[in-house]
Amino acid sequence: MPFGAAQFDIYRNPPRINRDEFCHRHDIDPAQPILLYAGSSKGADEFGHLRMIEDAIDACRLPPMSVIYRPHPWGRGGFKGERIADHPWRHVRIEESMRGYIEAVREGRKGISLPDYAETHDVLSSIDALVSPLSTIILEALLHGKPALCFLPASQAGSSLDLQASLVHFEDMYDDPEVLIARGDDALIPSIDDLMRRVGEPAIGERLATSSRHFVTDFDAAYGERLTTFFNELVQGGRS
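The sequence shown begins at 301 in our numbering and counts up by one.
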């Protein structure tokens, strides 16, 4: 009996807040597109990427948008992530549920956070598109019907990012036409421009949700119900 991922069960429920409330909490204009930069655990220069995005918005190489930054719960904000907390961002907002974590990283006193998946659900339900340097949240964006960009930044040979990017279990995602891929830092801004053009495309949410089922099985019953059924069948089989 297949079980799937228990943590995705919460995505079956409505989010706890709507987009307007999300925007109010982050002091952003709900009329603007919202791009989520979701960090990874691969040690990428996330601070540098965020600055590239801000500069591109100011230079009109990207359309006006708000950028939400959500660090990976044990990624420490990437390479020298302590720079992120106090930088005078113009278009970037640190996602509120992870602000305490990134401030702790700045102070050198925390490396791991265990966020509530309901927070992730609220965020993904409120944003328009996502970019991430090779993190599971790319698939979670597809589950929410949101366009996603897998960013493979320049990295040193033998680094964690370099080694993991070539693993065979990522190949299906690279081959999926619904997932945009940006290889190298120079590709980041043009690829985000392409990504944001997908926002609002007819039936884009349905296409992405369908694509996600290749990676994450969609069940009618919740994980706990499936697990209970499995054990009941084991017990009944042992008695026969």
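All C-beta atoms, glycine included, are put in the ideal place defined by N, C-alpha and C.
- Message: By the DSSP assignment, the beta strand (DSSP E) with C450 in it spans what residues?
- Response: The residue labelled residue 450 in the question sits at position 150 within the sequence shown. 448 to 452 is the extent of the beta strand (DSSP E) around C450.
- Task: Just the C-alpha distance for H326 and E396, rounded to the nearest angstrom, thanks.
- Result: As a working note, residue 326 is residue 26 in the sequence shown. As a working note, residue 396 is residue 96 in the sequence shown. Distance between the alpha carbons of H326 and E396: 7 Å.
- Message: What does the alpha-carbon distance come out to for the pair H349 and A305?
- Response: Counting from 1 along the sequence shown, the entry for residue 349 is found at position 49. Counting from 1 along the sequence shown, the entry for residue 305 is found at position 5. Spanning the two alpha carbons is a distance of roughly 30 Å.
- Message: Please state whether the Cβ-Cβ distance between R370 and M398 is less than 7 Å.
- Response: Start at 1 with the first residue of the sequence shown, and residue 370 comes out as number 70. Start at 1 with the first residue of the sequence shown, and residue 398 comes out as number 98. Yes, they are a contact pair.
- Buried/exposed call for G400, threshold 16 Cβ in 10 Å: By 1-based counting over the sequence shown, the position of residue 400 is 100. By the neighbour-count rule (16 or more Cβ atoms within 10 Å), G400 is not buried but exposed.
- Message: Suppose you measure from the CA of R383 to the CA of F347; what does that come to, to the nearest Å?
- Response: Your numbering for residue 383 matches position 83 in the sequence shown. Your numbering for residue 347 matches position 47 in the sequence shown. Taking the straight line from one Cα to the other gives about 7 Å.
- Buried or exposed: D428, going by 16 or more other Cβ atoms within 10 Å of its Cβ? Taking the sequence shown and counting its residues from 1, the one referred to as residue 428 is at position 128. By the 10 Å Cβ count, D428 comes out buried.
- Message: Quick test of your reading: L443 and A522, contact by CB under 8 Å. State the CB separation rounded to the nearest angstrom.
- Response: As a position in the sequence shown, residue 443 is number 143, starting the count at 1. As a position in the sequence shown, residue 522 is number 222, starting the count at 1. The Cβ separation is near 15 Å, so there is no contact.
- Task: Give every residue of the same chain whose Cβ lies closer than 8 Å to the Cβ of V499, excluding the five residues on either side of it in the sequence, and list them in chain order.
- Result: Here residue 499 corresponds to residue number 199 of the sequence shown, with the count starting at 1. Answer for V499: P333, D428, A429, P447, listed in chain order.
- Task: List the endpoints of the continuous alpha helix (DSSP H) containing V479.
- Result: For the purposes of this step, residue 479 is taken as the residue at position 179 of the sequence shown. Taken as a continuous stretch (DSSP letters only), V479 belongs to no alpha helix (DSSP H), being part of the beta strand (DSSP E) at 479 to 483.
- Query: Which of the three DSSP states, helix, strand or coil, is assigned to S426?
  - Reply: Reading the sequence shown from its first residue, position 126 is the one you call residue 426. In the structure shown, S426 sits in a helix (DSSP, three-state: H, G or I).
- Figure out for me which residue from P453, I357, A338, E419 has the closest Cα to the Cα of G437. By one-based count along the sequence shown, residue 437 stands at place 137. The sequence given here places Ile at residue 437; Gly does not occur at that position. If we check each option's Cα against that of I437, A338 comes out closest.
- Query: Bridge partners of R370, per DSSP?
  - Reply: The residue given as residue 370 occupies position 70 in the sequence shown. In DSSP, R370 forms a bridge with A338.
- Whole-angstrom distance between K342 and P433, CA atom to CA atom: On the sequence shown, residue 433 is found 133 positions in, with the first residue counted as 1. On the sequence shown, residue 342 is found 42 positions in, with the first residue counted as 1. If I take the Cα positions, the gap works out to 8 Å.
- Task: Could you work out which residue in M496, S511, R497, D485 is closest to Y474 when comparing CA atoms only?
- Result: Locating residue 474 in the sequence shown gives position 174, counting from the first residue. Measuring from the Cα of Y474, the nearest candidate turns out to be S511.
- Query: What are the boundary residues of the beta strand (DSSP E) that V392 is part of?
  - Reply: For the purposes of this step, residue 392 is taken as residue 92 along the sequence shown, with counting starting at 1. Residues 392 to 394.
- Item | For S294, three-class secondary structure by DSSP | Residue 294 is absent from the model: the chain starts at 301 and stops at 540.
- Query: Three-state secondary structure (DSSP) at D518?
  - Reply: What you label residue 518 is simply residue 218 of the sequence shown in a count that begins at 1. The answer is coil: DSSP assigns D518 none of H, G, I, E or B.
- Nearest residue (CA-CA) to L449, options L467, V392, I489, P502: Mapped onto the sequence shown, residue 449 falls at position 149. Closest by alpha carbon: I489.
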